[in-house]
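Adding 47 to a residue's 1-based position in the sequence shown gives its number in our numbering. For glycine and all other residues, C-beta sits at the position ideal for the given N, C-alpha and C. Following: one structure in structure tokens, then a few remarks.
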Amino acid sequence: MDCNSTTIDKDFTNFYVGLAIFVTGVIGGALNIHNVIAMCYIKDFCTSYGYLCRARAIFNIVNLSVFVLYTAPDTIL
Numbered sequence: 048m049d050c051n052s053t054t055i056d057k058d059f060t061n062f063y064v065g066l067a068i069f070v071t072g073v074i075g076g077a078l079n080i081h082n083v084i085a086m087c088y089i090k091d092f093c094t095s096y097g098y099l100c101r102a103r104a105i106f107n108i109v110n111l112s113v114f115v116l117y118t119a120p121d122t123i124l
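Right under this line is the structure:
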């Protein structure tokens, strides 16, 4: 069976896009985890604004984990 150039290009494109999604998700997740931990120790974030920021960071961690664990492997494969 012959492979044409569009199939090969699509495979490389899917691999690099999936890799970009994975790397971005891991870096973003690590930064958000750091932010949540920092907000727990800094007393200035014990206000309604701090709770809102902490909740948003936690949701970002959940959202990025979906991208890292589901979207990136699905795009690569």
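Coarse secondary structure for Ile89, derived from DSSP in three states: coil
The stretch 100–107 touching the stretch 75–83, judged by at least three CB pairs closer than 8 angstroms: yes
As assigned by DSSP and simplified to three states, the class of Thr94: coil
Contacts around Gly75, its chain only, beta-carbon distance under 6 angstroms, and the 5 residues preceding and following it disregarded: Leu111
Ile123 versus Val109: straight-line alpha-carbon distance, rounded: 21 angstroms
Rounded Cβ spacing between Val73 and Val115 (contact assumed at less than 8 angstroms): 6 angstroms
Extent of the continuous alpha helix (DSSP H) to which Thr122 belongs: Ala119 to Ile123
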